[in-house]
Amino acid sequence: IFGGLVWILVASTHVEPENPQGWVMFVSVFCFVMTSLWLIIFVSGAHKNKGGFATADVVYHLLAALFYLSASVPLATVTLDMKNSTTVSIVDRFRYYQIDIAAVVFSYITTLFYFVHCILSAFRWKSF
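Read in order, the letters of the sequence shown correspond to residues -17 to -1, 1 to 111 in mature numbering (1 follows the signal peptide of the UniProt record, and there is no 0).
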């Protein structure tokens, strides 16, 4: 859910500069879709409590946490640099700045949640 919020918040601003903001969009959309698919697999019982799915769970959530961390840092940098931007009007700049601050907060929260899920999945993986 928080990853979807990051995606929506970044998409609602003027995506400038494109390079780091594009990476943030890719990571948030990719992780949102993959986590939704992963949830469907586990809710439907398709995993059948096999050890391979536990391993894949740990690996996926570790990669998602690393991806989100690699997207959160540039997003915070772009947000800090946005104060001095001249490409957007002052009114829109402040609104985009506030939206980007919310996106940064949710991005770091999402990173934390993926990391905690990775640790809990590792504990479950050890029990197989």
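Don't be surprised by glycine CBs; every beta carbon is placed ideally from N, CA and C.
Counting every other CB atom within 10 Å of its CB across the protein chains shown gives G(-15) a total of 16 or more, marking it as buried. Secondary structure at I102: helix, using DSSP grouped into helix, strand and coil. A check of alpha carbon separations from S90 across I102, H44, F50, L63 identifies F50 as the nearest.
In chain order, P57, V61 place their CB closer than 6 Å to the CB of P3, counting only its own chain and leaving out the 5 sequence neighbours on each side. Residues G(-15), A47 of the same chain have their beta carbon placed closer than 6 Å to that of C14, with the five preceding and five following residues left out of the count. When the five nearest sequence neighbours on each side are left out, the beta carbons in the same chain lying within less than 8 Å of the beta carbon of I84 are those of T62, in order along the chain.
Rounded to whole angstroms, the separation of the alpha carbons of S104 and V41 is 5 Å. Annotation: the stretch 21 to 78 contains the following complete segments of the alpha helix (DSSP H) (minimum length 4 residues), in chain order: 34 to 64. For I(-10), the enclosing alpha helix (DSSP H) has its first and last residue at -16 to -7. DSSP, read as helix, strand or coil, puts S110 in coil. Residue environment: S110 is assigned as exposed (fewer than 16 neighbouring CB atoms within 10 Å of its CB, all protein chains considered). Cα atoms of F98 and G35: separation of roughly 19 Å, rounded to the nearest angstrom.
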